[in-house]
Structure formats: structure tokens, C-alpha cells
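Numbering (the UniProt record's numbering), first residue to last: 1 to 222. Note that the Cβ used here is the ideal one computed from N, Cα and C, for glycine as well. For reference, the structure is listed below as C-alpha cells.
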Ligand SMILES: [Zn+2]
């Protein structure tokens with residue numbers, strides 16, 4: 001097993017279709033990464049929720065998950081649950097976000113997610129972040145769509161519990177869902193921990209990785 005050390009990151013991009021996706025999928029990893037990289041810049045894009053209570057929830061949650069790091073959050077106002085009907089607008093938001101940052105690593109939804117908004121965002125991220133290490137996070141929900149992850153980020157017990165606590169505190173609009181509770185969030189992190197020989201972990205699908213030292217780069221856009 002090769003360890004990729006996340007302690008030397010300068011910039012991370014996190015992308016979600018909805019307010020709470022980032023916190024659920026990669027929240028504990030943000031706590032760990034921020035702790036190891038106090039000078040990091042976290043660029044965050046959420047495609048729906050602008051101007052609603054959910055935007056306030058998201059701002060509070062990400063501020064708590066990224067304490068004392070440079071957090072740059074954009075919440076757009078595309079229609080929740082209807083993103084496939086707004087393909088061009090999603091693509092334009094992602095393109096603008098791409099121009100605003102040059103991250104070492106990108107976290108977004110995973111391609112096998114059954115929610116249509118998550119899936120579209122997952123499909124479009126690599127069309128904008130073409131030369132980037134890109135991971136897909138998982139969102140536990142009623143649909144049986146959890147992936148077999150390829151990449152694990154071990155999480156300390158403190159960070160795992162802090163993530164569950166912040167989800168409960170910061171998203172009062174979501175706590176009524178029967179899957180939105182500490183047991184579910186800690187349970188999935190515990191399972192991913194078992195799979196990487198740690199107490200807790202968050203796990204990710206891998207979009208693409210290049211091994212070895214690159215001698216030249218060439219990219220196209222579109
Ligand atoms: Zn979502």
C-alpha cells in the first residue's frame with residue numbers, strides 16, 4: 001500500500017450539488033487536512049441553495065470544518081433536484097470555479113451516485129479539472145448506491161465525532177431525515193476505517209491518477 005501524504009497541500013477544491021454534500025462526503029477529511037496544513041486555501045463551490053436558509057447552514061458548517069484556514073465558499077442558486085435540466089448552467093458554474101483556483105486535489109460527488117444532481121456534477125468535474133487529482137466522495141442515503149472506494153483518508157476519533165456533531169448542529173433543515181444522524185455518519189466512517197485498518201476513515205472513488213514524475217504537461221479545455 002502506498003501512502004499519499006495529505007500534509008503538504010497548498011490548495012484544495014471541494015464541490016457539492018447541495019448544501020451539506022461537502023460536509024457529509026468530505027467533512028472529516030477537511031478537518032484533518034486543515035489541521036495538517038494551516039496555510040491551505042479551501043475553495044468550495046455549492047451549486048444550489050443561494051439566498052435560502054440552506055446557504056446560511058452551509059456557511060456555518062464549512063467555517064466550522066475549516067477553522068483558521070483560508071476558506072473561499074461560493075453558493076450558487078441553481079434549482080435543487082433539477083440540475084440535469086440545467087446542464088449548461090452547471091457547466092458554466094464549474095468553469096468559472098475552475099478559473100478561480102488551481103487546487104492540488106479536487107473532491108466532488110462520485111459518478112455512481114444515484115441522485116441525478118450528484119451524478120451530473122460528478123460527470124462534469126473532470127471536464128473542467130482536466131489535469132487534477134480528483135476524488136469522488138460518498139453520500140449515504142436511502143438509495144443503495146455506495147461505491148467500492150479506492151482511496152481512504154484515515155480520520156482521528158476527534159474529527160469523526162466533530163463531523164457528526166457539526167452535521168447535527170449546522171443543518172437543522174436536514175435533521176428530520178431518518179438517515180441524517182450520528183449513528184449513520186459514524187457508522188460509515190467506522191466501516192471505511194475497518195477497510196483501511198484505522199478506527200475511522202472517509203473513503204473516495206478515484207477518477208484518475210498518474211504515477212511517476214511528469215516531464216511535460218499538455219491540456220485541452222472544453
Ligand atoms: Zn446532495
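1. Taking the runs of the alpha helix (DSSP H) that are 4 residues or longer, which of them lie wholly in the region 106 to 130?
2. Taking Cβ positions, are residue 73 and residue 59 nearer each other than 8 Å?
3. Mind listing which residues have their beta carbon within less than 7 Å of any non-hydrogen atom of ligand 1? Chain order is fine.
4. So if DSSP puts residue 154 in a beta bridge, which residue, or which two residues, is it bridged to?
5. Do you know how far the Cα of residue 155 is from the Cα of residue 80?
6. Can you find the residues in the same chain that come closer than 7 Å, C-beta to C-beta, to residue 176, ignoring five residues on each side of it along the sequence?
7. Buried or exposed: which applies to residue 191, given that a residue is buried once 16 or more other Cβ atoms fall within 10 Å of its Cβ?
8. Determine the DSSP secondary structure at residue 70, reduced to helix, strand or coil.
9. Cα-Cα, which of 12, 11, 56 and 13 is closest to residue 19?
10. Three Cβ pairs or more, each shorter than 8 Å: is that satisfied between the region 39 to 53 and the region 93 to 108?
11. Considering only DSSP beta bridges, list what residue 65 is partnered with.
12. Determine the direct distance from the alpha carbon of residue 69 to that of residue 170, and round the result to whole angstroms.
13. Tell me whether the beta-carbon of residue 28 lies closer than 8 Å to the beta-carbon of residue 159.
14. My output table needs one value for residue 191: the three-state DSSP class, helix, strand or coil.
15. Looking only at its own chain, which residues have a Cβ that is under 7 Å from the Cβ of residue 226, when we skip the five neighbours before and after it?
16. Residue 148: which of 83, 111 and 172 sits nearest, CA to CA?
17. Provide the residue span of the beta strand (DSSP E) that contains residue 134, from first to last.
18. Out of 11, 212 and 185, point me to the one whose CA is closest to residue 163's CA.
19. Do you know whose CA, among 182, 205 and 151, lies nearest residue 197's CA?
20. With residue 66 and residue 34 assumed to form a contact (beta carbons below 8 Å), what rounded beta-carbon distance in angstroms separates them?
21. Between the Cα of residue 115 and the Cα atoms of 132, 89, 142 and 105, which residue gives the shortest distance?
22. Can you list, in chain order, the residues of its chain with a C-beta nearer than 8 Å to that of residue 53? Leave out the 5 residues immediately preceding and following it.
Looking at the coordinates:
1. 116 to 128
2. One-based indexing of the chain shown puts residue 73 at position 73. One-based indexing of the chain shown puts residue 59 at position 59. Cβ atoms of residue 73 and residue 59: closer than 8 Å.
3. 16, 17, 18, 20, 21, 115, 117, 118 and 139
4. Here residue 154 corresponds to residue number 154 of the chain shown, with the count starting at 1. Paired residue(s): 201.
5. Within the chain shown, numbered from 1, the residue matching residue 80 stands at position 80. Within the chain shown, numbered from 1, the residue matching residue 155 stands at position 155. Those two C-alpha atoms are separated by around 30 Å.
6. Numbered from 1 along the chain shown, position 176 holds the residue referred to as residue 176. Contacts found: none.
7. The sequence position of residue 191 within the chain shown is 191, counting from 1. Under this definition residue 191 is an exposed residue.
8. Taking the chain shown and counting its residues from 1, the one referred to as residue 70 is at position 70. Strand, per DSSP.
9. Working through the chain shown from its first residue, we reach residue 19 at position 19. Residue 56 is the option with its Cα nearest to residue 19.
10. yes
11. Mapped onto the chain shown, residue 65 falls at position 65. Partner(s): none; residue 65 has no beta bridge.
12. On the chain shown, residue 170 is found 170 positions in, with the first residue counted as 1. On the chain shown, residue 69 is found 69 positions in, with the first residue counted as 1. Residue 170 and residue 69: Cα-Cα distance of roughly 19 Å.
13. Residue 28 sits at position 28 when you count from the first residue of the chain shown. Residue 159 sits at position 159 when you count from the first residue of the chain shown. Going by C-beta atoms, residue 28 is nearer than 8 Å to residue 159.
14. The residue given as residue 191 occupies position 191 in the chain shown. Note: residue 191 maps to helix in three-state DSSP.
15. With the chain represented from 1 up to 222, any question about residue 226 goes unanswered, as that position is not in the structure.
16. One-based indexing of the chain shown puts residue 148 at position 148. For residue 148, the nearest C-alpha among the options comes from 111.
17. By one-based count along the chain shown, residue 134 stands at place 134. Looking at the DSSP string, the run of the beta strand (DSSP E) that includes residue 134 is 133 to 137.
18. The count along the chain shown starts at 1 and reaches residue 163 at position 163. If we check each option's Cα against that of residue 163, 185 comes out closest.
19. Taking the chain shown and counting its residues from 1, the one referred to as residue 197 is at position 197. The candidate whose alpha carbon is nearest that of residue 197 is 151.
20. Residue numbering aside, residue 66 sits at position 66 when the chain shown is read from its first letter. Residue numbering aside, residue 34 sits at position 34 when the chain shown is read from its first letter. Confirmed, about 5 Å.
21. Counting from 1 along the chain shown, the entry for residue 115 is found at position 115. Out of 132, 89, 142 and 105, 142 has the C-alpha closest to the C-alpha of residue 115.
22. The residue given as residue 53 occupies position 53 in the chain shown. Cβ within range, chain order: 173.
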